[in-house]
Every structure is written in C-alpha cells, then in structure tokens.
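This report concerns only the one structure given below.
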Amino acid sequence: MVRQRSIFSLVLVLLATFLISCGGPGVAVAPPTYTAVDLQRIQVHVPEIKSVRDRSQELQQLIQRKDWIDVGNFIHGPAAEARLSMAYVTPNLLPKLQPTARQITRDLLNHLVKIDQAAREGDTLLALNNSQAAFTDIDKFLDLLPETSSASEES
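According to the numbering used here, the sequence shown is numbered sequentially starting from -10.
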C-alpha cells in the first residue's frame, strides 16, 4: 500500500511537471487597434462634434448678451447633437479609452444642464463658467480620437 502511494505520487509529480513544461509562455496578443470600420464610424461623427466646438464663441456671446432663449436653443440643439455623436463614437474607441470617453460625455451633459439652469435663472457667470467647461470636455473627447480620423478629415 505504501509502495502504491509513492508510485502514485511519483506519477502525479511527473504528470504535473509535464503539463507545466508544455504550457510554455502564453501567446502574445497584439494590443487592440482600430479597424477600418471603427475608423469610418468615428469619422462620420467627428465633423459634428468639431463644428459645435468651433461655435464656442457664439454660445459665449449669446450668454453675454443674456439671450437666454437662444442659449437654450444652442444647448438643446447643436450641443445636444454633439453629445449624442460623442455617445455614438464611444463604443468604437479602444476598450481602454471607452470609460474615459463615457465619463467625459457625462461631464459634458452635466455642464450643459448647468448652463440650461443658469439660463433659466439668468445667471451669466454660472453659464459662462459651465460653457467653458463644456467646450473643454469636447476638446478632451477629441483628444481621445485616433489621429487618422482627424487627419483625413482636414485634407
């Protein structure tokens, strides 16, 4: 009985050694990259996001003139569409960038809500501060996008 245990132990040790040695190093997985389809999906929405970013001065002028109706129209129109485009782009980003992109999109929404509340209250300072923060969010989001999407659009 003792002899069978020692033989059984020896067989288990040899089997474990064999299995561990055959395992070898794991196959190196290439880091995720953008596919042509991902880039195309991103490029569809980038112009709309950039056009809203380029209109930042327009929103600030509306706030300074206290044209609250047009401020609301801007927030609920082009700015909301840009936020929606950002939400469409996010799933096409690299997996490690997606949580950051989602957080930036949430931050943008919060700033747009605060601008809208400030417009209803007639608070110019709060609206201006949040509009600057909103456009900073848009710039942060655009920085996450792959270079090829912005380079091909500019040419």
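Yeah, the Cβ is synthetic: ideal placement off N, Cα and C, and Gly gets one too.
On a predicted model such as this, the values are computed, not experimentally measured, just so you know.
Asked: Lys85 burial status per 10 Å Cβ neighbour count (16 or more: buried); Found: exposed
Asked: Exposure of Lys55, with buried meaning 16 or more beta-carbon neighbours within 10 Å; Found: exposed
Asked: Cβ-based burial, Ile(-4) [other Cβ within 10 Å; buried from 16]; Found: exposed
Asked: Per-residue DSSP class, three states only, for Arg44; Found: coil
Asked: Environment of Asn81 [buried if 16+ CB atoms lie within 10 Å]; Found: buried
Asked: CA-to-CA distance, Asp105 to Gly66, given in whole angstroms; Found: 12 Å
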